[in-house]
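Every number in the numbering used here is 3 more than the matching position in the sequence shown, counting from 1. Every residue gets a Cβ at the ideal spot worked out from N, C-alpha and C, and that includes glycine. Reading through the C-alpha coordinates given below for one structure.
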Amino acid sequence: MVGDGINDAPALAQSDIGMAIGAGTQIAKAEADMVLVKSALTDVVVALDLARVVFSRIKLNFFFSIIYNVVGIPLAAGMFFPLIHRMMPPACAGLAMAFSSVSVVISSLLLKSYQPPVLGETDQKHHFKEDAKVIELKNMVRQKLGSSHKTYEPLSNSDEWDE
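Next up, the structure:
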(Lines of atoms letter the chains of each structure in order from A and count residues from 1; the text may use other names and numbers.)
(Lines give C-alpha, C1' and ligand atoms only; values in the text may rest on other atoms or scores of the structure.)
Protein backbone atom coordinates (compact mmCIF):
# COMPACT_ATOMS: atom_id res chain seq x y z
CA MET A 1 0.00 0.00 0.00
CA VAL A 2 1.29 3.44 -0.92
CA GLY A 3 -0.38 6.46 0.66
CA ASP A 4 0.16 10.03 1.77
CA GLY A 5 -2.85 11.22 3.73
CA ILE A 6 -4.77 10.77 6.95
CA ASN A 7 -7.31 8.59 5.16
CA ASP A 8 -4.50 6.23 4.07
CA ALA A 9 -3.12 5.70 7.60
CA PRO A 10 -5.40 2.77 8.57
CA ALA A 11 -4.63 0.96 5.31
CA LEU A 12 -0.90 1.62 5.74
CA ALA A 13 -1.07 0.16 9.25
CA GLN A 14 -2.97 -2.96 8.10
CA SER A 15 -0.99 -3.64 4.93
CA ASP A 16 1.86 -6.12 4.71
CA ILE A 17 4.16 -3.37 3.48
CA GLY A 18 3.09 0.24 3.84
CA MET A 19 4.92 3.01 2.01
CA ALA A 20 4.23 6.67 2.74
CA ILE A 21 5.09 9.54 0.43
CA GLY A 22 7.70 11.86 1.96
CA ALA A 23 5.53 14.94 1.45
CA GLY A 24 2.55 13.20 3.09
CA THR A 25 1.03 13.70 6.51
CA GLN A 26 2.87 12.80 9.71
CA ILE A 27 0.31 10.15 10.67
CA ALA A 28 0.74 8.40 7.31
CA LYS A 29 4.52 8.43 7.79
CA ALA A 30 4.15 7.09 11.34
CA GLU A 31 1.93 4.20 10.27
CA ALA A 32 3.99 3.23 7.21
CA ASP A 33 6.77 0.66 7.23
CA MET A 34 8.89 2.87 4.99
CA VAL A 35 8.83 6.46 3.78
CA LEU A 36 9.73 7.43 0.23
CA VAL A 37 11.96 10.41 1.00
CA LYS A 38 11.98 11.99 -2.47
CA SER A 39 8.19 11.70 -2.84
CA ALA A 40 8.63 10.08 -6.25
CA LEU A 41 6.33 7.17 -7.03
CA THR A 42 9.08 5.63 -9.16
CA ASP A 43 10.88 4.93 -5.88
CA VAL A 44 8.26 2.24 -5.20
CA VAL A 45 9.64 0.29 -8.16
CA VAL A 46 13.20 0.89 -6.93
CA ALA A 47 12.29 -0.27 -3.41
CA LEU A 48 10.69 -3.46 -4.70
CA ASP A 49 13.63 -4.17 -7.00
CA LEU A 50 16.14 -3.51 -4.21
CA ALA A 51 14.18 -5.84 -1.91
CA ARG A 52 14.32 -8.54 -4.59
CA VAL A 53 18.10 -8.08 -5.01
CA VAL A 54 18.76 -8.06 -1.25
CA PHE A 55 16.65 -11.17 -0.70
CA SER A 56 18.51 -12.95 -3.51
CA ARG A 57 21.83 -12.00 -1.88
CA ILE A 58 20.62 -13.28 1.50
CA LYS A 59 19.67 -16.61 -0.07
CA LEU A 60 23.05 -16.81 -1.84
CA ASN A 61 24.96 -16.08 1.39
CA PHE A 62 22.85 -18.57 3.33
CA PHE A 63 23.38 -21.29 0.70
CA PHE A 64 27.15 -20.62 0.64
CA SER A 65 27.34 -20.76 4.44
CA ILE A 66 25.39 -24.01 4.62
CA ILE A 67 27.56 -25.73 2.00
CA TYR A 68 30.76 -24.34 3.53
CA ASN A 69 29.84 -25.55 7.02
CA VAL A 70 28.53 -28.94 5.85
CA VAL A 71 31.96 -29.61 4.33
CA GLY A 72 34.21 -27.55 6.65
CA ILE A 73 33.03 -28.65 10.08
CA PRO A 74 33.35 -32.40 9.44
CA LEU A 75 36.74 -31.79 7.79
CA ALA A 76 37.97 -29.78 10.78
CA ALA A 77 36.57 -32.40 13.19
CA GLY A 78 38.57 -35.15 11.49
CA MET A 79 35.64 -37.12 10.09
CA PHE A 80 37.48 -37.61 6.80
CA PHE A 81 40.65 -38.90 8.53
CA PRO A 82 39.92 -42.56 7.67
CA LEU A 83 39.66 -41.60 3.98
CA ILE A 84 42.50 -39.10 3.53
CA HIS A 85 44.73 -39.98 6.53
CA ARG A 86 45.36 -36.32 7.31
CA MET A 87 44.07 -33.99 10.01
CA MET A 88 43.39 -30.30 9.54
CA PRO A 89 45.41 -28.25 12.03
CA PRO A 90 43.24 -26.16 14.37
CA ALA A 91 44.79 -22.94 13.07
CA CYS A 92 43.73 -23.83 9.51
CA ALA A 93 40.21 -24.62 10.72
CA GLY A 94 40.04 -21.22 12.43
CA LEU A 95 41.29 -19.46 9.30
CA ALA A 96 38.77 -21.33 7.18
CA MET A 97 35.94 -20.22 9.46
CA ALA A 98 37.19 -16.63 9.34
CA PHE A 99 37.34 -16.85 5.54
CA SER A 100 33.72 -18.05 5.51
CA SER A 101 32.59 -15.04 7.53
CA VAL A 102 34.66 -12.58 5.50
CA SER A 103 33.37 -13.97 2.21
CA VAL A 104 29.74 -13.49 3.33
CA VAL A 105 30.50 -9.91 4.42
CA ILE A 106 32.23 -9.15 1.10
CA SER A 107 29.31 -10.67 -0.78
CA SER A 108 26.93 -8.44 1.16
CA LEU A 109 29.09 -5.36 0.56
CA LEU A 110 28.70 -5.93 -3.17
CA LEU A 111 25.16 -4.63 -2.71
CA LYS A 112 26.72 -1.16 -2.56
CA SER A 113 27.13 -1.42 -6.34
CA TYR A 114 23.34 -1.75 -6.79
CA GLN A 115 22.01 0.23 -9.72
CA PRO A 116 18.32 1.10 -9.64
CA PRO A 117 16.31 0.02 -12.67
CA VAL A 118 15.68 2.57 -15.39
CA LEU A 119 11.96 2.62 -16.00
CA GLY A 120 11.05 1.66 -19.54
CA GLU A 121 14.34 -0.12 -20.17
CA THR A 122 13.86 -3.14 -17.91
CA ASP A 123 12.19 -6.33 -18.93
CA GLN A 124 9.20 -5.84 -16.65
CA LYS A 125 7.24 -8.56 -18.43
CA HIS A 126 9.83 -11.02 -17.11
CA HIS A 127 9.36 -9.80 -13.51
CA PHE A 128 5.57 -10.02 -13.71
CA LYS A 129 5.72 -13.47 -15.24
CA GLU A 130 8.14 -14.69 -12.52
CA ASP A 131 6.00 -13.12 -9.77
CA ALA A 132 2.91 -14.87 -11.15
CA LYS A 133 4.77 -18.20 -11.15
CA VAL A 134 5.87 -17.70 -7.53
CA ILE A 135 2.31 -16.86 -6.48
CA GLU A 136 0.97 -19.95 -8.27
CA LEU A 137 3.62 -22.13 -6.59
CA LYS A 138 2.81 -20.73 -3.13
CA ASN A 139 -0.91 -21.31 -3.70
CA MET A 140 -0.27 -24.88 -4.84
CA VAL A 141 1.86 -25.62 -1.75
CA ARG A 142 -0.77 -24.12 0.54
CA GLN A 143 -3.47 -26.26 -1.06
CA LYS A 144 -1.38 -29.44 -0.77
CA LEU A 145 -0.56 -28.73 2.88
CA GLY A 146 -4.16 -27.88 3.66
CA SER A 147 -3.41 -24.34 4.79
CA SER A 148 -6.41 -22.22 5.70
CA HIS A 149 -4.84 -19.06 4.27
CA LYS A 150 -6.65 -17.38 1.44
CA THR A 151 -4.88 -17.71 -1.88
CA TYR A 152 -4.17 -14.87 -4.26
CA GLU A 153 -4.96 -15.29 -7.91
CA PRO A 154 -3.21 -12.85 -10.27
CA LEU A 155 -5.58 -10.66 -12.27
CA SER A 156 -3.89 -11.40 -15.56
CA ASN A 157 -3.14 -14.68 -17.20
CA SER A 158 0.61 -15.33 -17.21
CA ASP A 159 0.32 -16.51 -20.84
CA GLU A 160 -0.26 -12.88 -21.86
CA TRP A 161 3.35 -12.08 -20.96
CA ASP A 162 4.73 -14.54 -23.52
CA GLU A 163 4.10 -12.09 -26.37
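Over what stretch of residues does the alpha helix (DSSP H) that includes residue i continue unbroken?
i: Val-38; result: No alpha helix (DSSP H) holds Val-38; the beta strand (DSSP E) holding it covers 37-39.
i: Ala-16; result: 12-17
i: Gly-97; result: 93-112
i: Val-73; result: 45-80
i: Lys-32; result: 29-34
i: Phe-84; result: 84-87
Relative to the C-alpha of residue i, which candidate in the options has its C-alpha closest?
i: Glu-34; options: Pro-92, Asn-10 and Pro-85; result: Asn-10
i: Leu-86; options: Pro-92, Leu-78 and Pro-93; result: Leu-78
Following the continuous beta strand (DSSP E) through residue i, name the residue where it begins and the one where it ends.
i: Ile-24; result: 22-24
Taking Cβ positions, are residue i and residue j nearer each other than 8 Å?
i: Val-57; j: Leu-114; result: yes
i: Ser-103; j: Tyr-71; result: yes
i: Ile-20; j: Asp-46; result: no
i: Ala-26; j: Ser-42; result: yes
i: Gly-75; j: Ala-101; result: no
i: Phe-66; j: Val-107; result: no
Within the same chain, show all residues whose beta-carbon is closer than 8 Å to that of residue i, passing over the 5 residues directly before and after it, in chain order.
i: Ala-31; result: Gly-6, Asp-7, Gly-8, Ile-9, Asp-11, Ala-12, Leu-15, Ala-23 and Ile-24
Suppose the cutoff is 7 Å on Cβ atoms and the five residues either side in sequence are ignored; what does the same chain contact list for residue i look like?
i: Ser-18; result: Met-4
i: Val-48; result: Pro-120 and Leu-122
i: Phe-84; result: Met-90
Provide the residue(s) that pair with residue i in DSSP beta bridges, ordered along the chain.
i: Val-5; result: Met-22
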